[in-house]
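In our numbering, each number is its position in the sequence shown, counted from 1, plus 711. Notes follow the structure.
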Amino acid sequence: MMVDKNSESTRAAPVVTVATDGSDVFRVVTTNVIEEVSQVHCYDETLEHIADRHPEFENFLPALEHAVHDTIADPTHVFGSNTIQHASGFRFASTRHTKGNNHLIVAVKIIEGTSALLKTAYFTGNVNGEALYQVSTVSDHD
Numbered sequence: 712m713m714v715d716k717n718s719e720s721t722r723a724a725p726v727v728t729v730a731t732d733g734s735d736v737f738r739v740v741t742t743n744v745i746e747e748v749s750q751v752h753c754y755d756e757t758l759e760h761i762a763d764r765h766p767e768f769e770n771f772l773p774a775l776e777h778a779v780h781d782t783i784a785d786p787t788h789v790f791g792s793n794t795i796q797h798a799s800g801f802r803f804a805s806t807r808h809t810k811g812n813n814h815l816i817v818a819v820k821i822i823e824g825t826s827a828l829l830k831t832a833y834f835t836g837n838v839n840g841e842a843l844y845q846v847s848t849v850s851d852h853d
């Protein structure tokens, strides 16, 4: 079932807290757009890996971190996985964070309950899978 949220609401900054799992420090980004995911754990190593593996993020780690956190907290779309291999995964998308005609996709995987783990981020113009959430635009209602 897709949730449709009106985009005219006031946007707030992402809620990000710092946590530890004993040996590693990570950031927890809170989200409430789909019931399956309430928080996403973001490790610095994952962000560094994204910056290393995706040339479009090279030298933009602070901006990447903000864009990823904002996309998780306040996405414009959320898609379910379209493969059995990634059945416990979701893709948060933002048309507010773009590169050319492509928008930011943040892939997460459920690790326990409604807690998820940041897996990767990339820019694309095409996303497949079941749309679980989208922000309405004014033109959607005309």
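C-beta: ideal position from N, C-alpha, C; glycine also. Owing to the predicted nature of the structure, the values given are computational and were not obtained by experimental measurement.
Reduced DSSP category for residue i - H, G, I as helix; E, B as strand; rest coil
| i | result |
| --- | --- |
| Val779 | helix |
| His752 | strand |
| Thr741 | strand |
| His852 | With a pLDDT of only 44 at His852, under the threshold of 50, the placement of this residue in the model should not be trusted; the figure read from the coordinates follows. The answer is helix: DSSP assigns His852 an H, G or I state. |
| Thr757 | helix |
Paired residues, beta bridge with residue i - DSSP
| i | result |
| --- | --- |
| Lys820 | Gly800, Leu828 |
| Phe834 | Leu815 |
| Thr809 | His814 |
| Thr731 | Val736 |
Close Cβ partners of residue i (< 8 Å) along its chain, the five nearest in sequence each way excluded
| i | result |
| --- | --- |
| Asn743 | Ser749 |
| Ser734 | none |
Distance between beta carbons of residue j and residue i, contact taken as under 8 Å
| i | j | result |
| --- | --- | --- |
| Val838 | Ala784 | So it is not a contact: roughly 19 Å between Cβ atoms. |
| Val789 | Leu829 | Between Leu829 and Val789 the Cβ distance is about 14 Å, and since that is not below 8 Å, they are no contact. |
Neighbourhood of residue i by C-beta distance below 6 Å, restricted to the same chain and skipping five residues each side
| i | result |
| --- | --- |
| Thr741 | Val726, Gln750 |
| Thr806 | Thr787, His814 |
| His765 | Tyr833 |
Cβ-heavy atom distance, residue i to the ligand SAH, below 7 Å
| i | result |
| --- | --- |
| Pro725 | This structure lacks the ligand SAH; in fact it carries no ligand of any kind. |
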